[in-house]
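Heads up: the sequence shown runs through residues 6 to 285, numbered per our numbering. We put the CB at the ideal spot given by N, CA and C, even for glycine. Shown next, in structure tokens, is the structure this report addresses.
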Amino acid sequence: MEVTFYGVRGSVPAPGPHTVRYGGNTSCVEVRLSDDSTVVLDAGTGMRALGSALLKRGRSTPVHLLLSHTHWDHVLGLPFFAPLYRSDTHIFVYPLANDAQELFQRNIFNDIHFPVSVDDIPARLELARPEKAEWRIGSATVRRIALNHPGGAQGFRIDDDDGTSVTYLTDNELSADNAKTSIEQLARFSDGVDLLIHDSQYLAEDMPAKLGWGHSVVTEVLRLGILAEPKQLALFHHDPERSDSALDLIGQTSQSFFQSEGKATQVLVASEGLAVHLKK
Ligand SMILES: [Zn+2]
Ligand SMILES: [Zn+2]
């Protein structure tokens, strides 16, 4: 399995001189399975570059799109995904965390929000409705779990038949009041994965002002890492205000934390273009 980050930013794109190294595009991650199936996690602005990359590779279809939820920063790249404008592309959109599945298409592709309407998209955009809480995509089994986020969001675990695995948990507030899913449940869901990707938008000093906004503080994410013991932990959904140098520091202190706890987990600070090859 290969996991490639195309957008790592939360809330809003944040281009500029202070975000050049980690990147300013919002959430979009490609997971290439061992049988070469293409799974895409979220359709943030990073999806534009992913579309170009897929066309260049000549492998733009089918695309299995798993959306955590439909806040703008997770869907804004979809209208700019070049394979959408080819009639030979087939895109499966998997069930959303709320009831907005049909509305989601109509609300983006209408004359008010975008010049192309849903009926004029050349690609086949199909709403997939797996009957169970886990389903198959290519060589992998996919599971989902409810996250703690205003309006609802869902996380995914992908286990490839080659024995590699990844969990994608964003947007999620680990210490939310009345949490739908506890940190222990998320740790069991992510138990022993090769790569755990988690929302790490805030620092302790951002609180309590941003309590209830649906995102996690880095120290809570490290706690989840201690419980789940992934081989690699990717800090993700960076705050738009977080500079490259601030992210460097977060990466260093997070890695030192695992070392001081005697854990082998390797910390990654997700950056645009970072490709993580997972193998057993
Ligand atoms: Zn977000
Ligand atoms: Zn959100």
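Pull up the CB-CB distance for residue i and residue j, whole angstroms please, since I reckon it's below 8 Å.
i	j	result
G160	N177	7 Å
L232	E277	29 Å between Cβ atoms; not a contact.
Y173	A133	Going by Cβ atoms, the distance from Y173 to A133 rounds to 17 Å, so no, they are not a contact pair.
S39	H69	At roughly 14 Å, the Cβ-Cβ gap does not stay under 8 Å, so S39 and H69 are not in contact.
T175	H242	5 Å
S259	V222	Between V222 and S259 the Cβ distance is about 12 Å, and since that is not below 8 Å, they are no contact.
Shortest alpha-carbon distance to residue i belongs to which of the options?
i	options	result
D93	Q110, D116, S73 and S65	S65
A239	A251, H79, G21 and A280	A280
I126	L273, F85 and A158	F85
T186	D164, L216 and A151	A151
E139	T270, R149 and D166	R149
Could you give the DSSP three-state label for residue i: helix, strand or coil?
i	result
Q206	coil
W140	strand
L81	coil
R111	helix
E131	strand
Report the partner residues of residue i according to the DSSP bridge assignment.
i	result
L89	According to DSSP, which records beta bridges pairwise, L89 is partnered with nothing at all.
G12	C33
Y173	F161 and I202
V281	V8
L70	V45 and V98
F241	D204
T146	R141 and D164
Q271	Q237
V222	Y207
L152	A158
For residue i, count neighbouring Cβ atoms within 10 angstroms of its own Cβ and tell me buried if that reaches 16, exposed if not.
i	result
D199	buried
P88	buried
Q206	buried
M212	exposed
H79	buried
V25	exposed
P22	exposed
D124	exposed
Q237	buried
L283	buried
Should residue i be flagged as near chain C, meaning a C-beta pair shorter than 9 Å?
i	result
V223	No chain C appears in the structure shown, which is made up of a single protein chain.
Where the beta carbon is closer than 5 Å to any heavy atom of ligand 3, which residues qualify, in chain order? No copy of ligand 3 appears in this structure; the ligands present are ligand 1 and ligand 2.
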